[in-house]
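Residue numbers (my numbering), protein chains in the order written: chain E, 1 to 260; chain D, 261 to 520. Note that the Cβ used here is the ideal one computed from N, Cα and C, for glycine as well. None of these values were measured; they are calculated from a predicted model. Okay, structure first, notes after.
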């Protein structure tokens, strides 16, 4: 396929690279910032542009990977080309695009991307949605060229997925940061915690997370929890987080059991 | 070494197996529950006992891996054998043992263990502490036979580590559970989130977690955060968790920057 990439952020960068590797041709990369466009365009052999008027019409697909609140305006501007337009957002409804074009769809990668870290895109779950069945089928076919995990997901469920991803990725990463800061404040090395972090994520690849919950809360070990709260005495925000998450674990555990 | 294991929980089980694999001889396994003792004893070729009076004296080391509030009583009972006694707890001070024996130490594995999941013990960080330098040296030597990550850590720092481990392991695992439940309540498969969970943990093996923070909070994307809170309308406890953790991310981010 001939593809035009709108945006040059982390998702645009990783998806464009995967598409190029799969044999598609990236025609142009648009960004408001020409330097950003140029960086990505260079990697995927495309032309960099910072002016929507410079878009060439010989493309099959626009992939709009910009901030959520800029998606609709971008679709408005691109609709005149009469080509398929997809966005890559977890939380933007497909319906928001339909007033401007019926050739619309979604290609949402359920992964966390950083520019500095390579990702094997074939492992990335790709959630697709098309404005009609033909578009859905086309997107399924395209998605299958870059990922082994393609799911048809409607807009309502995609929003749930996006919310779940915040709990499964963004919040754990913040808690890693808290742990790292606790260690740093006592001159200990974050390396000590890395095997634990990895094992915790690896465990739930094959077992339900509730069934492998460990720690003082699931044992309802009040003495240890109180001692921990004491240690966080000068960090009331962390105390609140500790209390709330421990309560959640205790409440969950009253319905089941785990390795304590 | 000839070793006696006191306890039959997850830590006792994994550590006993690692010690046996390293060529040490596990003499006896004690548990109040003889069946539990027997299961572990069978795997490591030891005798199972449920009576402290049945302990044989020809051992070099007692490893006490019982609930925190039972450690001191156990050490009291074992001290008469005049052998080295170590506990495996993150939050129990070495000083608590010294009134009963000076041959005391700590062998704290900084990892999450489940009976149903194998762990490569050589990757497990082992934190050691001895009541004197000779004991510390002996424990370091012993620890090096089963782990490639041996750290000398005093009791105060071990408590910090244990607290940090709650943030880095127990709480993220609970958040995985929340994500899984959100998906389940909309008939979606937890498998969709597994690559994201793994990648999030893998990222911080090589980069500081704050530098790879993603999601709506680090972008200060109020619209998405409000939409998420709306979706959690009937789960006030999850709303509270969402708000607190997002505030933490926003606050952290005001000091630095990341991949948004």
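Query - Neighbourhood of residue 444 (chain D) by C-beta, 8 Å cutoff - its chain only, sequence neighbours within 5 removed - result: 450
Query - Range of the contiguous beta strand (DSSP E) that encloses residue 309 (chain D) - result: Start and end: 307-309.
Report task. Would you tell me roughly how many angstroms separate the C-alpha atoms of residue 90 (chain E) and residue 68 (chain E), rounded to the nearest one? Result -> 9 Å
Query raised in the report: Is the CB of residue 100 (chain E) under 8 Å away from at least one CB in chain D?
Result: The beta carbon of residue 100 (chain E) sits no closer than 8 Å to any beta carbon of chain D.
Query - Inter-residue spacing [alpha-carbon to alpha-carbon] between residue 320 (chain D) and residue 166 (chain E) - result: Distance between the alpha carbons of residue 320 (chain D) and residue 166 (chain E): 50 Å.
Query raised in the report: If you compare alpha carbons, which of E:7, E:238, E:246 and E:13 is closest to residue 121 (chain E)?
Result: E:13
Report task. Kindly indicate which three-state DSSP category residue 4 (chain E) falls into: helix, strand or coil? Result -> strand
Query raised in the report: Would you report the Cα separation of residue 400 (chain D) and residue 389 (chain D), rounded to the nearest angstrom?
Result: 9 Å
Report task. Answer with yes or no whether the minimum CB distance from residue 496 (chain D) to chain E is below 8 Å. Result -> no
Query raised in the report: Mind listing which residues of the stretch 421-436 of chain D have their C-beta closer than 7 Å to chain E's C-betas, in chain order?
Result: 421, 423, 424, 425, 426, 427, 428, 429, 430, 431, 432, 433, 434, 435 and 436
Requested in this report: Assign residue 110 (chain E) to one of three DSSP states: helix, strand, or coil.
Outcome: coil
Query raised in the report: Where do the ends of the alpha helix (DSSP H) carrying residue 23 (chain E) lie?
Result: Following the DSSP letters along the chain, one finds residue 23 (chain E) in no alpha helix (DSSP H), marked with neither H nor E.
**Report entry** C-alpha gap between residue 292 (chain D) and residue 177 (chain E), whole angstroms
**Finding:** 40 Å
Requested in this report: Give the single residue among E:53, E:110, E:196 and E:200 whose Cα lies nearest to the Cα of residue 159 (chain E).
Outcome: E:110
Report task. Quick one: list the residues of chain D neighbouring residue 194 (chain E), beta-carbon separation under 8 Å, in chain order. Result -> 464 and 465
Report task. Have a look at E:105, E:240 and E:24 and flag the residue whose alpha-carbon is nearest the alpha-carbon of residue 136 (chain E). Result -> E:105
Query raised in the report: At least one CB of chain E closer than 8 Å to the CB of residue 273 (chain D): is that the case?
Result: no
Query - Cβ-Cβ separation, residue 509 (chain D) to residue 174 (chain E) (assumed contact under 8 Å), whole Å - result: 5 Å
Query raised in the report: Which ranges does the alpha helix (DSSP H) cover as unbroken runs of at least 4 residues, wholly within the stretch 82-133 of chain E, from first to last along the chain?
Result: none
Requested in this report: Below 8 Å on the Cβ atoms is my guess for residue 335 (chain D) versus residue 324 (chain D); work out the distance and round it to an integer in Å.
Outcome: That belief holds up - the Cβ atoms of residue 335 (chain D) and residue 324 (chain D) are roughly 6 Å apart, short of 8 Å.
Requested in this report: Answer with yes or no whether the minimum CB distance from residue 68 (chain E) to chain D is below 8 Å.
Outcome: True, the Cβ-Cβ gap to chain D drops below 8 Å.
Report task. Return the residue from the list E:125, E:103 and E:34 that minimises the CA-CA distance to residue 458 (chain D). Result -> Out of E:125, E:103 and E:34, E:125 has the C-alpha closest to the C-alpha of residue 458 (chain D).
Report task. Go ahead and pull the three-state DSSP assignment for residue 208 (chain E). Result -> coil
**Report entry** For residue 289 (chain D), three-class secondary structure by DSSP
**Finding:** strand
**Report entry** Distance between residue 286 (chain D) and residue 453 (chain D) (C-alpha atoms, nearest Å)
**Finding:** 41 Å
Requested in this report: Check the DSSP bridge columns for residue 62 (chain E) and list the partner residues they point to.
Outcome: E:4 and E:85
Requested in this report: Taking residue 448 (chain D) as the query, report the chain E residues whose CB atoms sit under 9 Å from its CB, ordered along the chain.
Outcome: 151, 153, 157, 160, 161 and 164
Query raised in the report: Can you name the start and end residues of the beta strand (DSSP E) that residue 416 (chain D) belongs to?
Result: Run containing residue 416 (chain D): none in the beta strand (DSSP E); it sits in the alpha helix (DSSP H), 415-425.
Requested in this report: Closer than 8 Å by C-beta to residue 524 (chain D): which residues in its own chain qualify, once you throw out the five before and the five after it? Chain order, please.
Outcome: Absent from the model: residue 524 (chain D). The displayed extent of chain D is 261 to 520, so no value can be given.
Requested in this report: For residue 469 (chain D), decide whether its Cβ has a neighbour in chain E, counting only Cβ atoms nearer than 8 Å.
Outcome: yes
Requested in this report: Name, in chain order, the residues that DSSP records as bridge partners for residue 149 (chain E).
Outcome: E:125
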